[in-house]
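For the sequence shown, counting from 1, position 25 maps to 25 in UniProt numbering; every step adds exactly one. Below is one structure, written out as structure tokens; comments come after it.
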Amino acid sequence: MAETARQIADDLRARISDDLMPGDRLPGEPALVRDYGVAKETARRALTLLVDEGLAVRRRGSGTYVREFRPIPRVANKRLAKEGWGAGKSIWGADLGDREFTVTDLEVYESGAPRHIARLLELNEDELVIVRSRRYVVEGEPVQQAISYLPAKHVRDSPIAQPDPGEGGIYRRLADLGLEPVHFTEELRARMPSQEESTLLAVSAGTPVVDICRTAFTADGRPVEVNQMLLNAGVYVMRYHLDS
1 MAETARQIAD
11 DLRARISDDL
21 MPGDRLPGEP
31 ALVRDYGVAK
41 ETARRALTLL
51 VDEGLAVRRR
61 GSGTYVREFR
71 PIPRVANKRL
81 AKEGWGAGKS
91 IWGADLGDRE
101 FTVTDLEVYE
111 SGAPRHIARL
121 LELNEDELVI
131 VRSRRYVVEG
141 EPVQQAISYL
151 PAKHVRDSPI
161 AQPDPGEGGI
171 YRRLADLGLE
181 PVHFTEELRA
191 RMPSQEESTL
201 LAVSAGTPVV
211 DICRTAFTAD
221 GRPVEVNQML
231 LNAGVYVMRY
241 HLDS
């Protein structure tokens with residue numbers, strides 16, 4: 001009986017986990033057609049599934065290979081801990097360790113708040129926000145787009161309104177202003193990206209993104225930042241440390 005594309009992809013995924021190394025070549029379409037008794041289109045779909053999941057990459061004229069990029073573990077509990085940003089460390093250090101990253105397409109400006117952002121920050125319609133938009137690139141691959149919104153009345157005259165807010169980032173600067181974030185909420189959903197988002201994160205047509213909206217609150221419950229993040233689902237692993 002002919003195998004489906006998903007069944008073939010499952011077999012190849014198991015081989016990637018158990019036997020193959022990053023950079024190893026996966027069986028090509030002719031080999032899959034021969035071994036599984038399927039049509040060439042079915043074999044192509046199986047390989048495409050692995051590419052869309054971020055497990056494999058295609059090299060034009062060469063074949064499909066196990067992806068060499070190591071997944072990024074995103075540990076929300078650890079990256080938001082004050083022991084990190086409070087000591088002047090980058091939140092990204094909690095995710096990447098000694099891996100290199102760069103920030104591109106950085107924009108910092110004052111603007112009116114989108115309606116849903118104004119609602120989350122408990123602002124009136126005419127109140128402005130400082131917007132910090134940036135893209136993160138790890139080992140040459142764009143992995144995340146992030147846009148932070150902060151009430152301009154609190155931060156417009158602080159380093160938060162400058163391209164480089166200093167060690168510890170905007171959370172350390174909020175603490176300097178007496179607006180230390182001590183509680184965070186994150187809402188996460190997976191979805192397919194728009195064409196613009198696919199280009200921004202350089203994801204293949206079938207790869208989903210993870211859409212995260214985080215709100216930071218002070219000890220008295222005042223919202224001081226909303227961060228909208230768009231992650232390439234093919235390069236991230238969501239990890240949580242929870243106590244019973």
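Glycine is no exception: its CB is placed at the ideal position from the N, C-alpha and C atoms.
| Check | Outcome |
| --- | --- |
| Range of the contiguous alpha helix (DSSP H) that encloses THR42 | 40–52 |
| Endpoints, the alpha helix (DSSP H) within which GLU196 is located | 195–201 |
| Buried or exposed (CB count within 10 angstroms, at least 16 for buried), ASP157 | exposed |
| Of the residues ARG132, GLN228, VAL57, the one placed nearest GLU187, counting alpha carbons only | GLN228 |
| Within 8 Å, strictly: CB atoms of VAL235 and GLY54 | yes |
| From GLU141, ALA152, ALA202, residue whose alpha carbon lies closest to that of ARG132 | ALA152 |
| Cβ separation of ASP211 and ARG189, assumed to be a contact under 8 Å, to the nearest whole Å | 5 Å |
| Sequence-distant residues of its chain with Cβ nearer than 8 Å to VAL237 (five each side left out) | PRO71, ILE72, PRO73, ARG74 |
| Status (buried if at least 16 other CB within 10 Å, exposed otherwise) for MET1 | Residue confidence for MET1 is low, a pLDDT of 41 falling below 50, so the modelled location carries little weight and cannot support an answer. |
| Closest residue to SER111 among LEU123, PHE184, LEU201 (Cα-Cα distance) | LEU123 |
| Collapsed DSSP secondary structure at HIS241 in the structure displayed | coil |
| The region 176–183 / the region 214–223 touching (three or more Cβ pairs under 8 Å) | yes |
| Exposed unless 16 or more other CB atoms sit within 10 angstroms - verdict on ASP95 | buried |
| Residue range of the alpha helix (DSSP H) that includes GLN7 | 5–18 |
| GLY97 to GLU107 span [Cα, whole Å] | 26 Å |
| In chain order, each alpha helix (DSSP H) run of at least 4 residues that lies wholly inside the region 132–193 | 152–155, 169–176 |
| Alpha-carbon spacing of VAL66 relative to LEU26, whole angstroms | 7 Å |
| Contacting residues, own chain, Cβ-Cβ under 7 Å from ARG13 (five flanking each side not counted) | LEU50, LEU55 |
| The beta strand (DSSP E) enclosing GLY58, as first and last residue numbers | It should be noted that the sequence gives Arg, not Gly, for residue 58. Counting along the chain, the beta strand (DSSP E) containing ARG58 begins and ends at 56–59. |
| Boundaries (first-last residue) of the alpha helix (DSSP H) holding PRO30 | 29–36 |
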